[in-house]
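Just so we're aligned: 330 in this note's numbering is position 327 of the sequence shown, and the numbers increase by one with no gaps anywhere.
Glycine included, C-beta positions come from ideal geometry on N, C-alpha and C.
This structure is a prediction, so every number in the text was calculated from the model and none was measured.
Reviewing the structure listed below.
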Amino acid sequence: MQYISTRGTAPVLNFEEAMLSGLARDGGLYVPKTIPQLSPDTISAMEGQRYEDIAYTVMRPFVGDVFTDTEFREIIGRAYAVFGHDARAPLKQLDQGHFLLELFHGPTLAFKDFAMQLIGQMFQTALGRKNERVTIVGATSGDTGSAAIEAFRGLSNVDVFIMYPHGRISEVQRRQMTTPTESNVHALAVDGDFDDCQARLKDMFNDFDFRDTVRLAGVNSINWGRVLAQVVYYFSAAVALGAPHRKVSFTVPTGNFGDVFAGYIAKQMGLPIDRLVVATNQNDILHRCLNGQGYHKGETVPSISPSMDIQVSSNFERALFDAYDREGPAIVQLMDELKAGGFDVSQGAMQVLQSHYTSGRASEQETSDTIARALKHSGELLCPHSAIGVKVADEERVIGTPMVTLATAHPAKFPAAVEAASGIHPPLPARMSDLYERSERVTRVPNDLDALKKHIKGHI
Numbered sequence: 004m005q006y007i008s009t010r011g012t013a014p015v016l017n018f019e020e021a022m023l024s025g026l027a028r029d030g031g032l033y034v035p036k037t038i039p040q041l042s043p044d045t046i047s048a049m050e051g052q053r054y055e056d057i058a059y060t061v062m063r064p065f066v067g068d069v070f071t072d073t074e075f076r077e078i079i080g081r082a083y084a085v086f087g088h089d090a091r092a093p094l095k096q097l098d099q100g101h102f103l104l105e106l107f108h109g110p111t112l113a114f115k116d117f118a119m120q121l122i123g124q125m126f127q128t129a130l131g132r133k134n135e136r137v138t139i140v141g142a143t144s145g146d147t148g149s150a151a152i153e154a155f156r157g158l159s160n161v162d163v164f165i166m167y168p169h170g171r172i173s174e175v176q177r178r179q180m181t182t183p184t185e186s187n188v189h190a191l192a193v194d195g196d197f198d199d200c201q202a203r204l205k206d207m208f209n210d211f212d213f214r215d216t217v218r219l220a221g222v223n224s225i226n227w228g229r230v231l232a233q234v235v236y237y238f239s240a241a242v243a244l245g246a247p248h249r250k251v252s253f254t255v256p257t258g259n260f261g262d263v264f265a266g267y268i269a270k271q272m273g274l275p276i277d278r279l280v281v282a283t284n285q286n287d288i289l290h291r292c293l294n295g296q297g298y299h300k301g302e303t304v305p306s307i308s309p310s311m312d313i314q315v316s317s318n319f320e321r322a323l324f325d326a327y328d329r330e331g332p333a334i335v336q337l338m339d340e341l342k343a344g345g346f347d348v349s350q351g352a353m354q355v356l357q358s359h360y361t362s363g364r365a366s367e368q369e370t371s372d373t374i375a376r377a378l379k380h381s382g383e384l385l386c387p388h389s390a391i392g393v394k395v396a397d398e399e400r401v402i403g404t405p406m407v408t409l410a411t412a413h414p415a416k417f418p419a420a421v422e423a424a425s426g427i428h429p430p431l432p433a434r435m436s437d438l439y440e441r442s443e444r445v446t447r448v449p450n451d452l453d454a455l456k457k458h459i460k461g462h463i
């Protein structure tokens, strides 16, 4: 399996090379040169299988010969053994024809654990057999960072530095990053918003001297391995609801577009997905773009759903690449225009995007109202991001087609917002019950590239 850059000029890589590199050297994102197809019989055979076995079937064609069959099965097994539910991603009925896909049973209570635990095991296996070490730098709006630190803490072949926007994530999200004691993980509180953190990360990847000196690797959703791991639960959910013999729709609370793009990949592989619905909060640049208003950055407004407080959705570049018929120069032009504030999508590309994605948004009040309503009518306590998905899904559902809303995080990760909306303070699971008593370890840093690079070099 070969991987190419969305901008067309970076070297073609295999899976391991693409996974370890993160961002392509031309600034683009790696995608598979071709999308493997799974037959209806192969999909049908997933019915009743363990999540780990479905994961192996779905991901194996993308990995090529980088890992042996035995190695890859062991990697998957170790990754998901730490989850708190035997089904890994259980479905729960919310209403007639409407289901929640619970993606918060991993060690940090968010969907990011599905990819990060897998990436951690793949990195350790690939680097360990070559006795190599890399420096992972990531940017987070909350959940990616905690999942990365949890997955890589104590691993012998990696140093991890996670940047998060100071004062703009929940206390639980922060403490999950700042309380681990292993010396190879570092939390950096940046004076800025998430888009600033993400921009500094891309600056580091584009500084080739720094990149090569520290052996920089990335685990943000720019990393193809992150997207690939998330493809799996679309298959597990759809098969449980009757695929491939019936179509299933999904609503995805979306900030950086990686999770919903994973659904698009599942559809391209042959999974009969009817609709992929993008659900956004008041920072609704994706919703506006998918409704023909162009992709134009505004000011990021803090919300009770902080993981979606984003104006530059990195993975949207992958969707644009396919919408523009995989023309790298077209993507280069769009990304150059984005630096100046934004771009308009061509009519042809917009038709392609709208054939795969629809969208909706929820205000702060609508999010809180949905939390209260779901608790009253179904007994489900939702996190704010999941509530946005449920609100949009209720607007977009079609009779006769099951709708699955991705429940992306445990409500205990956002206790203040959930309690304000529902009157209930969501308790942390027993394994995290002392989180608020643990000592924190964090470094406050300015939104300055040189200062960040100096700190990283001084701590590896």
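1. Classify ARG278 as helix, strand or coil using the three-state DSSP reduction.
2. Taking only the alpha-carbon atoms, compute the straight-line gap between GLU369 and LEU384 and give it to the nearest angstrom.
3. Give me the residue from LEU26, GLN285, PRO93 with the minimum Cα distance to ALA240.
4. Specify, as a first and last residue, the run of the alpha helix (DSSP H) that ASP206 falls within.
5. Rounding to the nearest angstrom, what Cα-Cα distance links ASN134 and GLN127 in this structure?
6. Threshold first: 3 residues or longer. Then list the beta strand (DSSP E) segments lying entirely within the region 120 to 151, N to C.
7. Give a yes or no on contact between the region 7 to 19 and the region 206 to 214, applying the rule of three or more CB pairs nearer than 8 Å.
8. Find the nearest neighbour of PHE164 within the set VAL175, SER173, THR181, GLY170, judged by alpha-carbon distance.
9. CA-CA distance, HIS88 and GLU340?
10. Given this structure, state the Cα-to-Cα distance separating GLY403 from GLN285, to the nearest angstrom.
11. Along the chain, which unbroken stretches of the alpha helix (DSSP H) at least 4 residues long are found entirely within the region 163 to 196?
12. Which residues in the same chain have their Cβ closer than 7 Å to the Cβ of GLY424, if we skip the five residues on either side of it in sequence?
13. Since I believe VAL251 is in contact with ILE61 (beta carbons under 8 Å), could you give me their beta-carbon distance rounded to a whole number of angstroms?
14. Please return the same chain residues whose Cβ sits closer than 6 Å to the Cβ of ILE122, not counting the five positions on each side in sequence.
15. Taking VAL91 and TYR83 to be in contact with their CB atoms under 8 Å, please state how far apart those CB atoms are, rounded to whole angstroms.
16. With DSSP as the reference, identify every bridge partner of ILE7, one or two as the case may be.
17. Identify which residue in THR45, ASP29, PRO64 has its Cα closest to the Cα of MET4.
18. Reducing DSSP to helix, strand and coil, say where GLN96 ends up.
19. Under a three-way DSSP split, which group does VAL335 fall into?
20. Return the residue from the list VAL66, TYR54, LEU337 that minimises the CA-CA distance to GLU20.
21. Looking at C-alpha atoms only, which residue of GLU105, TYR237, LYS460 is the closest neighbour of ASP277?
22. Can you look up TYR267 in the DSSP assignment and give me helix, strand or coil?
23. Using a Cβ distance threshold of 8 Å, determine whether the region 154 to 163 contacts the region 171 to 187, with at least three qualifying pairs required.
24. Please state whether DSSP places PRO256 in a helix, a strand or coil.
25. Do ALA415 and LEU431 come within 7 Å of each other at the CB atom, strictly closer than that value?
26. Hey, is the region 262 to 278 in contact with the region 41 to 51, meaning 3+ C-beta pairs nearer than 8 Å?
27. Where does TYR360 fall in DSSP's three states?
28. Going by CA-CA distance only, name the one from PHE253, VAL230, ALA154, ALA142 that's closest to CYS200.
29. Grouping DSSP H, G and I as helix and E and B as strand, with all else coil, what is PHE18?
30. Give the single residue among THR411, VAL401, SER436, GLY351 whose Cα lies nearest to the Cα of GLY100.
31. Taking the alpha helix (DSSP H) that PHE417 falls in, what are its first and last residues?
32. Just the C-alpha distance for ALA412 and ALA113, rounded to the nearest angstrom, thanks.
So, from the listed chains and residues:
1. Translated into the one-based positions of the sequence shown, residue 278 becomes position 275. Annotated three-state conformation of ARG278 is strand, per DSSP.
2. The residue labelled residue 369 in the question sits at position 366 within the sequence shown. The residue labelled residue 384 in the question sits at position 381 within the sequence shown. Spanning the alpha carbons of GLU369 and LEU384 requires a straight line of approximately 15 Å.
3. Position 237 of the sequence shown, counted from the start, is the residue given in the question as residue 240. Here the closest residue by C-alpha is PRO93.
4. Numbered from 1 along the sequence shown, position 203 holds the residue referred to as residue 206. Note, ASP206: alpha helix (DSSP H), 197 to 209.
5. As a first step, residue 134 is located in the sequence shown; it is residue number 131 there, counting from the start. As a first step, residue 127 is located in the sequence shown; it is residue number 124 there, counting from the start. Straight-line Cα distance between these residues: approximately 10 Å.
6. Taking only runs of at least 3 residues, the beta strand (DSSP E) segments lying wholly in the region 120 to 151 are 137 to 142.
7. The answer is no - the region 206 to 214 does not touch the region 7 to 19, with fewer than three Cβ pairs under 8 Å.
8. Mapped onto the sequence shown, residue 164 falls at position 161. By alpha-carbon distance to PHE164, the top candidate from VAL175, SER173, THR181, GLY170 is THR181.
9. Residue mapping note: residue 88 aligns to position 85 of the sequence shown, counting from 1. Residue mapping note: residue 340 aligns to position 337 of the sequence shown, counting from 1. Straight-line Cα distance between these residues: approximately 45 Å.
10. Working through the sequence shown from its first residue, we reach residue 403 at position 400. Working through the sequence shown from its first residue, we reach residue 285 at position 282. When rounded, the separation of the alpha-carbon atoms in GLY403 and GLN285 is 30 Å.
11. Restricting attention to alpha helix (DSSP H) runs no shorter than 4 residues, the region 163 to 196 encloses them at 174 to 181, ordered along the chain.
12. Along the sequence shown, one-based indexing puts residue 424 at 421. Checking the sequence shown, residue 424 turns out to be Ala, not Gly. If we look at ALA424 and ignore the five residues flanking it on each side, its Cβ neighbours are SER371, ILE374, ALA375.
13. Counted from its first residue, the sequence shown places residue 61 at position 58. Counted from its first residue, the sequence shown places residue 251 at position 248. According to the sequence displayed, residue 61 carries Val and not Ile. Going by Cβ atoms, the distance from VAL61 to VAL251 rounds to 15 Å, so no, they are not a contact pair.
14. On the sequence shown, residue 122 is found 119 positions in, with the first residue counted as 1. So the qualifying residues of the chain are VAL222, GLY228.
15. For this step, residue 91 is matched to residue 88 along the sequence shown. For this step, residue 83 is matched to residue 80 along the sequence shown. The identity of residue 91 in the sequence shown is Arg, whereas the question assumes Val. Yes, ARG91 and TYR83 are in contact; Cβ-Cβ is about 5 Å, under 8 Å.
16. Start at 1 with the first residue of the sequence shown, and residue 7 comes out as number 4. ILE7 is bridged to VAL34.
17. Stepping through the sequence shown from its first residue, residue 4 is reached at position 1. Nearest C-alpha to MET4: PRO64.
18. Residue 96 sits at position 93 when you count from the first residue of the sequence shown. In the three-state reduction of the DSSP assignment, GLN96 falls in the strand class, which pools E and B.
19. For the purposes of this step, residue 335 is taken as residue 332 along the sequence shown, with counting starting at 1. Helix.
20. In the sequence shown, residue 20 corresponds to position 17, counting from 1. With respect to the C-alpha of GLU20, the residue from VAL66, TYR54, LEU337 having the closest C-alpha is VAL66.
21. For the purposes of this step, residue 277 is identified with residue 274 of the sequence shown, where counting begins at 1. Here the closest residue by C-alpha is TYR237.
22. Position 264 of the sequence shown, counted from the first residue, corresponds to residue 267. In the structure shown, the three-state DSSP call for TYR267 is helix.
23. As far as the Cβ criterion goes, the region 154 to 163 touches the region 171 to 187, which means the pair count is three or higher.
24. Locating residue 256 in the sequence shown gives position 253, where the first residue counts as 1. Three-state DSSP puts PRO256 in a strand.
25. What you label residue 431 is simply residue 428 of the sequence shown in a count that begins at 1. What you label residue 415 is simply residue 412 of the sequence shown in a count that begins at 1. A distance below 7 Å separates the beta carbons of LEU431 and ALA415.
26. Pairwise C-beta distances place the region 262 to 278 in contact with the region 41 to 51, as three or more of them are shorter than 8 Å.
27. Here residue 360 refers to the residue found at position 357 of the sequence shown. Three-state result, TYR360: strand.
28. Start at 1 with the first residue of the sequence shown, and residue 200 comes out as number 197. With distances taken between Cα atoms, CYS200 lies closest to ALA142.
29. Position 15 of the sequence shown, counted from the first residue, corresponds to residue 18. Reduced to three states, the DSSP call for PHE18 is helix.
30. Residue mapping note: residue 100 aligns to position 97 of the sequence shown, counting from 1. Taking the Cα of GLY100 as reference, the smallest distance to any Cα among THR411, VAL401, SER436, GLY351 is reached at VAL401.
31. Position 414 of the sequence shown holds residue 417. First-last for PHE417: undefined, no H or E at that position.
32. The residue you call residue 412 lines up with position 409 of the sequence shown. The residue you call residue 113 lines up with position 110 of the sequence shown. Each residue's alpha carbon lies about 4 Å from the other.
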